[in-house]
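Engineer: Just remember that the working numbering sits 14 ahead of the position in the sequence shown, which is counted from 1.
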Amino acid sequence: MSESSRDVVLARIRQGLAQPAPLPPRPNFASPVHPPLNNSDAVVAFAESFQRVGGEFYYCESLAHLAVQIAGFQQRQQVGAPYVWEPQIQALLRAAGVAFKADEADFVEHADLGLTSCEALVARTGSVLVSAATASGRRLSIYPDQHLVLARPSQVVAEIGEALRVVQAKFGAQMPSMVSLTSGPSRTADIEKTLVLGAHGPRRLALFLLEDDAELIPN
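Next up, the structure:
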């Protein structure tokens with residue numbers, strides 16, 4: 015490199031250093047982190063997201079419709095009555111004429127199917143938020159081969175933060191010992207990049223969305 019070329023390069027460097035670098039734009043912390051949901055109806059947005067992550071979604075307009083949907087699921091999957099430990103869900107299933115197992119007899123050996131409630135449904139991610147505060151405890155949403163969830167449209171929220179605030183408002187200082195976000199069936203591809211379902215929990219997740227006023231709808 016000639017002396018003149020060296021001088022030109024150094025001059026450019028000095029000129030660049032003399033001008034302070036522009037500061038990056040200041041972020042607007044008040045603006046939403048995520049764009050709007052794909053669908054303005056949060057329930058529809060949840061159903062789309064839930065199915066996208068591998069969940070099976072069943073809409074139920076009445077208790078009679080719930081019975082038909084559960085019976086169809088059992089027939090397709092060749093499974094018997096689900097274990098149900100929450101009194102409120104047990105009462106709904108009795109009213110709908112759906113058989114279930116209310117005790118824990120032979121649970122470990124025959125836990126093919128468990129049915130629980132949930133705390134909230136997240137439209138953004140299609141996640142189901144469950145806690146250990148119900149009679150289902152920690153086991154019924156984790157141990158069975160297939161996990162069924164009975165929920166209501168009023169439980170759908172847009173974001174995970176809203177779901178956590180629902181739990182906080184419900185329990186206050188007495189938070190559950192376990193709160194879990196379930197996004198589709200349990201899966202892993204850690205070994206040779208081969209997808210395996212049911213590695214750490216249920217291999218199938220199905221949600222039955224029962225209308226909030228379903229008990230008042232004539233069959």
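No residue lacks a Cβ here, since even glycine has one placed at the ideal position from N, Cα and C.
This structure is a prediction, so every number in the text was calculated from the model and none was measured.
Helix, strand or coil for L24 per DSSP?
Structural biologist: helix
Engineer: In angstroms, rounded to a whole number, what distance separates the CA positions of V82 and E100?
Structural biologist: 21 angstroms
Engineer: Give the straight-line distance between the Cα atoms of E225 and A183, rounded to the nearest whole angstrom.
Structural biologist: 23 angstroms
Engineer: Measure the C-alpha to C-alpha separation of G30 and S45 and round it to an integer number of angstroms.
Structural biologist: 35 angstroms
Engineer: Pick helix, strand or coil for E244, following the three-state DSSP scheme.
Structural biologist: Outside the shown range of the chain (15 to 233) lies residue 244, about which nothing can therefore be said.
Engineer: Relative to the C-alpha of P199, which residue among P50, Q65 and N42 is closest?
Structural biologist: Q65
Engineer: Taking C-alpha atoms, which residue in F185, S63, V93 and A109 lies nearest to L77?
Structural biologist: Between L77 and the set F185, S63, V93 and A109, the nearest pair of CA atoms involves A109.
Engineer: Which term fits Q33, buried or exposed, when burial requires 16 or more other beta carbons within 10 angstroms of its beta carbon?
Structural biologist: Under this definition Q33 is an exposed residue.
Engineer: Could you check the C-alpha separation between E173 and V144 for me, to the nearest Å?
Structural biologist: Each residue's Cα considered, the two are about 15 angstroms apart.
Engineer: Going by beta carbon distance, what residues of the same chain come within less than 6 angstroms of N53, once the five residues before and after it are set aside?
Structural biologist: In the same chain as N53, and ignoring 5 residues on each side of it, the C-beta atoms closer than 6 angstroms to its own belong to A59, in chain order.
Engineer: By the 10 Å Cβ neighbour count, where 16 or more other Cβ atoms means buried, how is I27 classified, buried or exposed?
Structural biologist: exposed
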